[in-house]
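Heads up: the structure comes next, in structure tokens.
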Amino acid sequence: MKHGKPHIERVVETAKDPGAAARSRLAASWRRSFDHHGLDPGRCEGVQRVSDTEFAERRERAENIRRIASPKLDHLYQLVGSSGCGVLLTDVDGVVLDVRVSDADRSVFDAWGLAPGSDWSEASEGTNGIGTCIADNRRVIIHRDQHFHARNTNMSCIDAPVFGPEGNLIGALDVSSARADQTEAINRLIAAQVAHTARQIETDCFRAAFADARIIVADDDDTDQAMLLAVDRDDLVIGATRGARVSFGLGTAGPVRAVPASDLIGRDDGPTGFEKAERATVIRALSRSGGNVSQAARDLGVGRATLYRRMKRLGIGE
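Residues in the sequence shown are numbered from 2 upward in steps of one, following my numbering.
Spelled out as structure tokens, the structure:
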């Protein structure tokens, strides 16, 4: 027998209202779940799992991000685990790759389907933190009865997308809890830490992908995404994180067009943090070289003439 009848009726009524989807992102997700994916909010069967073979293949494909993310997952779990929360990392399809949860809570999380190999895509589970985060490419909080399935309405799920070095979505970072006393205010506090951790994972993945490049970092703490540019020896941009791509119009994903970094960081509509970061980098190099411009240029991996041009643009006297 279907359970959670009032919730089921509310979800179906909202999903069938075409105007609701235009007014609310949550209603739009409920409509996708009901209409596009053909899901039943009263479905009683548990969360679907991929086969052991498929799970092993997914973990192997995601080995780099799992290795880079592992210490960040540990740290996030240290912050939220004592309150009964679990930390999950998924791939781009919403399949759980790694979980951090206490031994005391593990059986409960397994029963909810918050376990490695579980499929939390919207196509499988309807509106939920992981699936909706991936579907919308944005941070989400799905609190209790905001879930599509009635059987998931005891959970609070807090998620942030993780973007790869070429700007493509590569997974989601999730903190889930079934504590009855977990308020929306607490969820918002956790959400800030989840977003920060996701941004750290993005940053480390980007630096690893462009290990031989010079990295320019914006100091904008207000953005949800990492803001980095990778620059080659000729001062050409060869890589950019998702946030930097959006800010500078470099396309959301794929290889970036080779443009001089100075053409971007000198623009008035770009983040001021890039120019500040470059100025600080140049000054540090000059200081370490005792004012020797040729040595500073070698240390920065650029030509002497290039460094002189940067110093002039940045207002740094020799």
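Beta carbons: idealized from backbone N, C-alpha and C, even for Gly.
Asked	Found
Alpha-carbon to alpha-carbon, Gly-43 and Thr-15	15 Å
Segments assigned beta strand (DSSP E), at least 3 residues, entirely inside the segment 131-186	141-144, 157-164, 170-178
CA nearest to the CA of Arg-67, picked from Leu-174, Gly-255, Asp-264	Leu-174
Any alpha helix (DSSP H) of 4 or more consecutive residues that is wholly inside the segment 289-315	294-301, 305-315
CA-to-CA distance, Glu-46 to Ile-216, given in whole angstroms	48 Å
Short Cβ contact (9 Å threshold) for His-55 with Gly-95	Correcting the residue type first, residue 55 is Glu in the shown sequence and not His. Taking 9 Å as the Cβ cut-off, Glu-55 and Gly-95 do not qualify as a contacting pair.
Minimum C-alpha distance to Phe-207 - residue among Leu-74, Asn-65, Val-176, Gln-194	Asn-65
Residue span of the beta strand (DSSP E) that contains Arg-101, given as start and end	97-101
Unbroken beta strand (DSSP E) run spanning Gly-87, endpoints	87-92
Helix, strand or coil at Leu-229 according to DSSP, with G and I counted as helix	strand
Residue range of the unbroken beta strand (DSSP E) whose run includes Arg-215	215-218
Proximity to Asn-129 [Cα-Cα], best of His-144, Ser-119, Ala-116, Leu-237	His-144
Cβ-Cβ separation, Ile-202 to Ala-29 (assumed contact under 8 Å), whole Å	That pair is no contact at about 27 Å.
Cβ shell of Gln-183 (< 7 Å), same chain only, five flanking positions each side left out	Ser-157
Asp-111 versus Tyr-78 - alpha carbon distance	17 Å
Nonlocal neighbours in the same chain, by C-beta distance under 7 Å from Gly-114, ignoring five residues either side	Gly-47, Val-48
Own chain, CB closer than 6 Å to Ala-297, minus 5 neighbours either side, in chain order	Ala-286, Leu-287, Ser-290
Presumed contact (8 Å Cβ cut-off) between Asp-257 and Leu-251, rounded CB distance	The amino acid at residue 257 is misidentified as Asp; the sequence shows Val. 5 Å between Cβ atoms; contact.
Beta-carbon proximity list for Arg-180, same chain, < 6 Å, skipping 5 on both sides	Gly-85
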